[in-house]
Each structure stands twice: as C-alpha cells, then as structure tokens.
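Chemist:
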Amino acid sequence: MTVLGVLPVLAPPPGIDILGLLPEVILAGGFIVLMMLDLVTAPAQRGWLAVVSVVAVAGAFGATVWCWFDAATPRTVYFGAFAYDRFGLFINAIILVSTALVLMITPQYLNRRGLHYGEYYALILGAATGMMLLAGAGSLMVIFLAIELLSIALYILSGFNRTEPRSQEAAMKYLLLGGFASGFLLFGMALIYGETGHTQLTLIAAAITNGGGTVDPLLMAGIALLFVGLAFKISAAPFHTWTPDVYQGAPTSVTTFMSVTTKVAAFAALIRVFSYTFGEPLIYDRWKIIVYFVAIASMVVGNVAALRQTSLKRVLGYSGIAQGGYILIGVVVLTPAATWGSLYYLASYAVANIGAFAVITVMANRGEDLDSYASLRGLAFRRPYVAAAMGLFLLSLGGFPPTAGFFAKFFVFAAAIGAHELPLALWGIGTSAVSVFYYLRVGLLMYTRPQPDEPSYNWSRTSLSGGGVLALTAAGTLVMGIFVTLVLNIAVSAQNGIVLHG
Amino acid sequence: MTASANFPYLLALAAFLFSVGALGVLIRRNPIVVFMCIELMLNAVNIVFVSYGRFLNSEEGQVFAFMVIVVAAAEVVVGLALITQVFRVGRELDIDDLDELNE
Chain X
37 MTVLGVLPVL APPPGIDILG LLPEVILAGG FIVLMMLDLV TAPAQRGWLA VVSVVAVAGA
97 FGATVWCWFD AATPRTVYFG AFAYDRFGLF INAIILVSTA LVLMITPQYL NRRGLHYGEY
157 YALILGAATG MMLLAGAGSL MVIFLAIELL SIALYILSGF NRTEPRSQEA AMKYLLLGGF
217 ASGFLLFGMA LIYGETGHTQ LTLIAAAITN GGGTVDPLLM AGIALLFVGL AFKISAAPFH
277 TWTPDVYQGA PTSVTTFMSV TTKVAAFAAL IRVFSYTFGE PLIYDRWKII VYFVAIASMV
337 VGNVAALRQT SLKRVLGYSG IAQGGYILIG VVVLTPAATW GSLYYLASYA VANIGAFAVI
397 TVMANRGEDL DSYASLRGLA FRRPYVAAAM GLFLLSLGGF PPTAGFFAKF FVFAAAIGAH
457 ELPLALWGIG TSAVSVFYYL RVGLLMYTRP QPDEPSYNWS RTSLSGGGVL ALTAAGTLVM
517 GIFVTLVLNI AVSAQNGIVL HG
Chain L
124 MTASANFPYL LALAAFLFSV GALGVLIRRN PIVVFMCIEL MLNAVNIVFV SYGRFLNSEE
184 GQVFAFMVIV VAAAEVVVGL ALITQVFRVG RELDIDDLDE LNE
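Protein chains in written order, with the numbering used here: chain X, 37 to 538; chain L, 124 to 226.
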C-alpha cells in the first residue's frame with residue numbers, strides 16, 4: 037500500500053475535489069472551532085471569539101482570492117454538485133467582506149445589550165458558510181441544503197435577544213414564513229426533478245434543451261414554485277411581508293448581516309438557476325412574465341411603503357425590497373451585461389447597506405436602538421463624521437453620482453434598454469425618483485438643528501472598530517463610484533467565468 | 124399495480140397533502156399547529172420525490188427525501204425552542220398577538 041493510499045485525503049477518489057470548496061471548508065472549520073472555544077472561554081474574554089471568527093473569515097477570503105486565479109477555467113466539483121467558478125467566488129468575496137465588517141461592529145453592540153454569548157460568532161460563520169455554498173451550488177439538493185443552513189442559523193440569530201419580546205416575535209415570524217417558503221421551494225424542486233430526471237443544474241439545462249420544443253406544464257409549475265421560494269429569500273414583493281418586521285425586531289448587528297448577505301447569496305442562486313439553467317427561449321418566455329411583474333412590484337411596493345415609515349430600520353428594510361427589484365431587472369434580462377450589472381449592483385448595495393445599518397448599530401446605546409426619525413434629528417451637530425458617512429450611504433442607495441449606487445443603477449438600466457426592455461428601465465428610473473424622497477428626508481433630519489425643548493438622545497461613542505467599519509464602507513462607496521472599472525472588471529470576469537457545462 | 128400505474132395517484136395525494144398544509148399555515152393561529160402544517164407540506168414533497176424516484180428509476184429522489192427529513196428535524200429543534208421562548212417572555216401562543224412590529 038502506498039503512502040497516498042494510507043492518507044485518503046491526499047488521494048481523493050475522482051470527482052472529489054477539496055480545492056473547489058476550500059473557502060467554505062475553512063469557514064465551516066472556523067464554525068466548529070468557535071463552537072468548542074465558546075465552551076472554554078470566560079464571559080469576559082468573549083471578545084477574543086470575535087477575533088478568531090475574523091481570522092477564519094480572513095482565511096476564507098485569502099482562499100477565495102487564491103481560487104479566483106486558480107479558477108480561470110471553471111469546472112464543477114463533487115460530481116457536478118458544486119460549481120467552482122469566478123461567478124461563485126465573486127459572490128463569496130462580497131459575503132466574506134460583509135461578514136468581516138459585521139463581526140467588527142458586533143462585540144461592542146452585544147456588550148451594550150448584555151447579549152455577549154459565544155454562539156453568536158459560530159452562528160454567523162455557519163450562516164456565511166451556507167451563503168457561500170448557495171453561491172456556488174450546482175445542484176438543486178445543494179441549493180436546498182445551503183438555504184436551510186443559512187436560514188436556521190438566521191432564525192436563531194434574529195431571536196438572539198432572548199428576553200426582548202420584539203426580537204422573539206421577529207424570530208417567530210421569520211421561522212414560520214421561512215418554513216412555509218421552504219415548502220414551496222421544495223415542491224418546485226421535486227417537480228423540476230421529476231420532469232427532467234435530474235437534480236444537477238447542468239443536466240437539467242441539457243434535459244430542457246433536448247426536450248424539443250414542448251413546454252411541460254408540471255415543469256413550468258416547478259419553476260414557478262422554485263421562484264417563489266427564492267423570491268422569499270431576496271424579499272421580493274409580494275413575498276416581502278416578513279422583511280420589515282424581522283429587520284426591525286432582530287438585533288441590529290444581525291440585521292446588518294442578514295439584510296446584505298442573504299440577499300447577495302440568494303441572488304447568486306437566482307441568476308445561476310434562472311438566467312443560466314432555464315435560459316432556453318421557450319421556457320424563458322414563460323417565467324420571464326412572472327419575474328418581470330415581481331421586479332416591478334418590488335420596486336413600487338418597497339419605495340412607496342418606505343415613504344410612510346418612521347423607523348430607520350424599517351425604511352432600510354423597505355429600501356432593500358426596492359433594491360431587490362432593481363437587481364431583478366438583471367435576472368429578467370438575459371444578456372451578459374445584465375448579469376455583470378447585477379453583480380456590480382450587489383457589491384455596491386452590500387457596501388452602502390452595511391454602512392447604513394452599521395451607523396444604527398454603532399450609535400445604539402444600552403437601552404434601545406435609536407432608529408426612530410426623532411432620534412436622528414441633529415445627529416450631524418454632535419457626530420459630524422458619522423452623519424456625513426450616513427449621508428454618503430443614503431446617496432449611494434438613492435443612486436446619486438459620484439457614489440457606487442449611481443453606476444450600479446446605470447449598468448442595470450442600460451442593460452435593460454440594451455435588451456429592448458425599455459418599460460422595465462422606465463419603472464426603475466421612476467421608482468428611483470420616489471426613493472429620493474425618503475433617503476433625503478433622513479439626510480435632512482440629521483442636518484436639522486434640534487429644538488431646545490426636545491428630549492436629547494444618548495448616542496453612544498463610536499469605538500475604533502466601529503469607526504473603522506464606517507470609514508471602510510464610506511471609502512468603498514466612493515472608490516466604487518469614482519474608479520468604476522476597478523470592481524467592474526472583476527464583475528465582468530465573474531460573469532464570463534460562470535460554469536455552463538459540467 | 125405497477126409503480127407507474129400508481130404514479131398519478133401518488134402525485135395527487137401529495138398535492139392534496141401539500142394544499143392541506145399550506146391552508147393550515149394560512150388559517151391556524153397556534154404557532155405549534157402552524158409548524159405542524161409546515162411539516163405536512165415538507166412530507167408531501169417527500170412523497171413527490173420518492174414516487175418520482177421510483178417512476179424514473181433514479182436514486183436521486185430518495186436521497187433528496189432523506190435530506191428533507193434531516194433538515195426538517197433540524198428545523199423542528201430550532202422552531203420548538205423559539206416557540207417555547209416566545210411563550211416564556213410572556214405571550215399567549217397565538218400568532219395574531221404577535222403584532223408589536225407593525226406600523
């Protein structure tokens with residue numbers, strides 16, 4: 037027996053390719069290590085768990101960068117269950133950077149709330165692992181398992197404030213509606229599997245192409261149900277009802293995390309499954325109608341409902357629904373420009389949204405989150421830098437130059453016009469104009485001098501890590517808006533690198 | 124009867140159970156019962172997977188059904204813990220009462 041035979045890890049059977057899953061394996065390892073470290077760490081030392089988790093995320097990021105250069109020729113690994121391509125790695129990078137930023141603002145927030153339990157970090161890494169698996173999923177089975185891995189971790193995290201009824205309510209709503217959506221997702225998968233005979237995306241695509249000009253009604257029903265399940269995860273209207281409630285009730289550091297990473301990962305799966313697996317013209321013509329109307333509904337519902345809110349967390353929840361609608365334009369339109377436009381949009385959305393929620397997280401004091409409009413009044417006079425950063429994030433979310441958000445919207449709308457989908461672009465531009473009202477309203481409130489008789493709010497001091505996160509996200513928003521090609525080239529290369537055939 | 128002759132009935136049964144579960148989620152107010160209805164939906168999907176697997180003579184359907192069973196069990200663990208905790212922070216077990224997060 038050779039040495040390699042004794043160490044099966046070094047000589048895996050064909051089809052098993054640990055390299056293709058390296059970032060996920062590192063993060064999952066961090067998850068397990070943190071679960072065990074939590075048992076032996078004294079409560080006062082739990083800040084170190086945050087350090088360990090950031091190290092695990094940094095390791096996974098390093099592996100992602102290495103894999104990026106290694107994956108110049110994309111392939112599928114684990115018998116086609118997982119795609120090792122630049123598309124998935126681009127999404128991995130967004131998820132990992134977002135996770136690291138959230139971990140940096142977390143310990144301070146949890147300490148103020150008296151919630152500093154070690155399992156928080158393990159759960160965040162577990163959820164991030166699920167998201168990365170979802171981004172690279174090459175089979176319906178992996179999509180399902182990845183969605184459940186991230187969802188179950190997020191159910192616990194939304195209810196992390198065990199004694200706060202609103203946090204419990206958020207967790208309960210998320211759990212029941214999430215389980216409900218999983219049912220639809222699975223029924224859709226079952227029908228797609230049954231009608232094509234495969235669970236691997238590349239084989240499904242081949243089976244549809246070989247189907248020869250007829251559209252199977254059960255297959256279409258399956259595709260529609262699968263879309264419902266995924267639309268729930270990206271909180272697209274009319275499957276968005278849980279979003280504002282969960283965002284408001286969950287601890288703010290958790291909201292920061294889930295509002296960005298879940299959406300990014302679910303969009304990766306949506307693009308991979310719909311644009312690249314169900315792209316067959318006959319099928320596309322049918323599902324396009326559904327996605328088309330869900331995109332418009334999200335833009336309208338998100339932006340109009342956000343106008344009526346008085347809590348910043350809810351405003352950002354509804355704004356996230358609307359942003360999801362804009363990114364859905366990139367799913368409806370099948371051109372490559374639409375795909376890299378959506379990828380750029382996801383990156384810019386991640387940076388600006390993490391920043392905006394980080395402001396609420398960093399400013400939170402012991403008692404409450406201070407996310408009401410009243411508590412924002414006059415922020416600029418007491419915390420000029422924080423207010424300036426917040427203004428920048430809101431400008432980016434509203435799509436003003438010279439921020440990342442402007443080019444994100446530009447690329448997506450231009451892709452829609454380029455594919456002769458002018459109405460979609462017009463809906464997008466029209467609803468963006470509506471969104472300016474509520475983004476500017478928050479900005480104006482921060483720069484309004486408070487009345488002397490108003491109660492003064494106790495904003496927390498910004499810590500070094502909190503300020504660092506705000507500075508990094510603000511810099512990211514500006515850099516992506518000024519040196520556009522920097523991220524754009526990577527997004528285009530990610531789109532080029534997507535696995536099409538196993 | 125052979126597997127393929129049974130097949131339409133199995134699919135119809137699964138669709139019926141799925142609808143019962145979905146309807147239950149929409150109209151029942153007790154979170155534990157809602158949760159049971161979600162489990163019913165997942166098990167209806169299992170019937171679809173297994174019967175398609177038999178019909179197509181491929182193992183993937185049965186493997187998928189096992190995955191669903193495992194995940195459903197994990198979801199129950201978290202779900203029941205959360206429901207217990209909602210009850211503990213002083214609520215009636217009725218989802219209509221969970222309306223603090225609304226504007």
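All residues carry an ideal CB built from backbone N, CA and C; glycine is no exception.
Output needed in chain order: residues of the stretch 229 to 258 of chain X with a Cβ under 8 Å from some Cβ in chain L.
Modeler: Listed in sequence order: Y229, G230, G233, H234, T235.
Chemist: Any contact between the stretch 440 to 456 of chain X and the stretch 355 to 374 of chain X? By contact I mean 3 or more CB pairs, one from each, below 8 Å.
Modeler: Contact between the stretch 440 to 456 of chain X and the stretch 355 to 374 of chain X is present, because at least three Cβ pairs lie under 8 Å.
Chemist: Under 9 Å between beta-carbons, which chain X residues line up against L/M164? List them in chain order, please.
Modeler: As a first step, residue 164 of chain L is located in the second sequence; it is residue number 41 there, counting from the start. Simply G215, F216, S218, G219, F220, L222, F223.
Chemist: Which partner residues of X/Q236 appear in the DSSP bridge assignment?
Modeler: The residue given as residue 236 of chain X occupies position 200 in the first sequence. In DSSP, X/Q236 forms a bridge with X/S175.
Chemist: Please return the same chain residues whose Cβ sits closer than 7 Å to the Cβ of X/M168, not counting the five positions on each side in sequence.
Modeler: Taking the first sequence and counting its residues from 1, the one referred to as residue 168 of chain X is at position 132. If we look at X/M168 and ignore the five residues flanking it on each side, its Cβ neighbours are P59, E60, L63, N128, I131.
Chemist: Tell me the rounded alpha-carbon separation between X/I526 and X/L406.
Modeler: Working through the first sequence from its first residue, we reach residue 526 of chain X at position 490. Working through the first sequence from its first residue, we reach residue 406 of chain X at position 370. Whole-angstrom Cα-Cα distance: 38 Å.
Chemist: Look at the Cβ atom of X/F196, then the Cβ atom of X/T291, and state whether they are nearer than 7 Å.
Modeler: Taking the first sequence and counting its residues from 1, one reaches residue 196 of chain X at position 160. Taking the first sequence and counting its residues from 1, one reaches residue 291 of chain X at position 255. No; because the gap between Cβ atoms is not below 7 Å, this pair is not in contact.
Chemist: At the 7 Å Cβ level, is L/Q208 part of the contact set with chain X, yes or no?
Modeler: The residue you call residue 208 of chain L lines up with position 85 of the second sequence. Cβ-Cβ to chain X under 7 Å: yes for L/Q208.
Chemist: Mind checking X/M72: buried by the 16 CB within 10 Å criterion, or exposed?
Modeler: Taking the first residue of the first sequence as 1, we reach residue 72 of chain X at position 36. Classification for X/M72: exposed.
Chemist: Which chain X residues sit within Cβ distance under 8 Å of L/I150?
Modeler: Position 27 of the second sequence, counted from the first residue, corresponds to residue 150 of chain L. Residues of chain X passing the Cβ test: none, with the nearest at roughly 13 Å.
Chemist: Taking the alpha-carbon of X/A358 as reference, which of X/Y381, X/T371, X/S347, X/V369 has the nearest alpha-carbon?
Modeler: Residue 358 of chain X sits at position 322 when you count from the first residue of the first sequence. It is X/Y381.
Chemist: Give the interface partners of X/E60 over in chain L, defined as CB-CB distance under 7 Å, in chain order.
Modeler: Position 24 of the first sequence, counting from 1, holds the residue named residue 60 of chain X. By Cβ distance, chain L contributes nothing, its closest Cβ being about 18 Å from X/E60, past 7 Å.
Chemist: State the beta-bridge partners of X/V113 as determined by DSSP.
Modeler: Taking the first residue of the first sequence as 1, we reach residue 113 of chain X at position 77. For X/V113, which the question treats as bridged, DSSP gives the partners X/F118.
Chemist: Closer than 7 Å, Cβ to any Cβ of chain L: which residues of the stretch 190 to 201 of chain X, in chain order?
Modeler: Taking 7 Å as the Cβ-Cβ cut-off against chain L, the residues of the stretch 190 to 201 of chain X that qualify are Y191, I192, G195, R198, T199, P201.
Chemist: Figure out for me which residue from X/I183, X/A136, X/V337 has the closest Cα to the Cα of X/V88.
Modeler: Looking up residue 88 of chain X in the first sequence gives position 52. Nearest C-alpha to X/V88: X/A136.
Chemist: Assuming X/A333 contacts X/P274 under a Cβ cut-off of 8 Å, what Cβ separation, rounded to an integer in Å, is found between them?
Modeler: Within the first sequence, residue 333 of chain X is the residue found at index 297, counting from 1. Within the first sequence, residue 274 of chain X is the residue found at index 238, counting from 1. That pair is a contact at about 6 Å.
Chemist: Can you find a C-beta in chain L that's less than 7 Å from the C-beta of X/M177?
Modeler: As a working note, residue 177 of chain X is residue 141 in the first sequence. Chain L, which has a Cβ nearer than 7 Å to the Cβ of X/M177, makes this yes.
Chemist: Which residue wins for smallest C-alpha separation from X/Y153, given the options X/D74, X/A94, X/Y191?
Modeler: Along the first sequence, read from residue 1 onward, the residue named residue 153 of chain X stands at position 117. Ranking X/D74, X/A94, X/Y191 by Cα distance to X/Y153 puts X/D74 first.
Chemist: Shorter than 7 Å from the beta carbon of X/L212 to some beta carbon of chain L?
Modeler: Your numbering for residue 212 of chain X matches position 176 in the first sequence. Interface residue, yes.
Chemist: Taking the DSSP output, what are the residues bridged to X/S347?
Modeler: Counting from 1 along the first sequence, the entry for residue 347 of chain X is found at position 311. For X/S347, which the question treats as bridged, DSSP gives the partners X/S408.
Chemist: Using a Cβ cut-off of 7 Å, pull out every chain X residue sitting near L/Y175, in sequence order please.
Modeler: The residue you call residue 175 of chain L lines up with position 52 of the second sequence. Simply A226, Y229, G230.
Chemist: Under the assumption that X/M140 contacts X/S501 (Cβ atoms under 8 Å), give the Cβ distance between them as a whole number of angstroms.
Modeler: Position 104 of the first sequence, counted from the start, is the residue given in the question as residue 140 of chain X. Position 465 of the first sequence, counted from the start, is the residue given in the question as residue 501 of chain X. Confirmed, Cβ separation roughly 5 Å.
Chemist: Cα-Cα, which of X/F126, X/Y312, X/D106 is closest to X/I244?
Modeler: Position 208 of the first sequence holds residue 244 of chain X. Comparing Cα-Cα distances from X/I244 to each of X/F126, X/Y312, X/D106, the minimum goes to X/Y312.
Chemist: How about X/I188 and L/A188: are their beta carbons less than 7 Å apart?
Modeler: Residue 188 of chain X sits at position 152 when you count from the first residue of the first sequence. Residue 188 of chain L sits at position 65 when you count from the first residue of the second sequence. Not closer than 7 Å, so no.
Chemist: Could you have a look at X/P438 and say whether DSSP puts it in helix, strand or coil?
Modeler: Sequence index remark: in the first sequence, residue 438 of chain X carries index 402 (1-based). Coil, per DSSP.
Chemist: At a Cβ cut of 8 Å, what residues of the stretch 435 to 467 of chain X count as close to chain L, listed as they run along the chain?
Modeler: Hits within the stretch: zero.
Chemist: Should X/G150 go down as buried or exposed, given a rule of 16 or more other Cβ atoms within 10 Å for buried?
Modeler: One-based indexing of the first sequence puts residue 150 of chain X at position 114. Counting Cβ neighbours within 10 Å, X/G150 comes out exposed, since fewer than 16 surround it.
Chemist: Is there at least one Cβ from chain L nearer than 7 Å to X/I183's Cβ?
Modeler: In the first sequence, the residue the question calls residue 183 of chain X occupies position 147. X/I183 does not count as touching chain L.
Chemist: So what's X/W495 in DSSP terms, helix, strand or just coil?
Modeler: Taking the first sequence and counting its residues from 1, the one referred to as residue 495 of chain X is at position 459. Three-state result, X/W495: coil.
Chemist: Which term fits X/I390, buried or exposed, when burial requires 16 or more other beta carbons within 10 angstroms of its beta carbon?
Modeler: Within the first sequence, numbered from 1, the residue matching residue 390 of chain X stands at position 354. Buried, because 16 or more other Cβ atoms sit within 10 Å of the Cβ of X/I390.
Chemist: Using DSSP with H/G/I as helix, E/B as strand and the rest coil, what is X/D106?
Modeler: Here residue 106 of chain X is taken as the residue at index 70 of the first sequence, counted from 1. In this structure, X/D106 counts as helix in the three-state DSSP scheme.
Chemist: Can you name the residues of chain L whose CB is closer than 9 Å to the CB of X/A117?
Modeler: Position 81 of the first sequence, counted from the start, is the residue given in the question as residue 117 of chain X. Chain L residues near X/A117: none, gap ~11 Å exceeds 9 Å.
Chemist: Quick check: the Cα distance between X/L514 and X/F180, rounded to an integer number of angstroms?
Modeler: Here the question's residue 514 of chain X lines up with position 478 in the first sequence. Here the question's residue 180 of chain X lines up with position 144 in the first sequence. Spanning the two alpha carbons is a distance of roughly 36 Å.
Chemist: Just to check my reading of the structure: X/L262 and X/M294 have Cβ atoms closer than 8 Å, yes? What is that Cβ distance to the nearest angstrom?
Modeler: Stepping through the first sequence from its first residue, residue 262 of chain X is reached at position 226. Stepping through the first sequence from its first residue, residue 294 of chain X is reached at position 258. Their Cβ separation, rounded to whole angstroms, is 22 Å, which puts X/L262 and X/M294 out of contact at 8 Å.
Chemist: Quick one, which of X/S468, X/T439, X/N246, X/R322 has its alpha-carbon nearest X/S355's?
Modeler: Within the first sequence, the letter at position 319 stands for residue 355 of chain X. Of X/S468, X/T439, X/N246, X/R322, the residue nearest in Cα terms is X/S468.
Chemist: Under 6 Å Cβ to Cβ from X/Y156, same chain only, skipping five residues before and after it: list those, please.
Modeler: The count along the first sequence starts at 1 and reaches residue 156 of chain X at position 120. Nothing listed; no residue qualifies.
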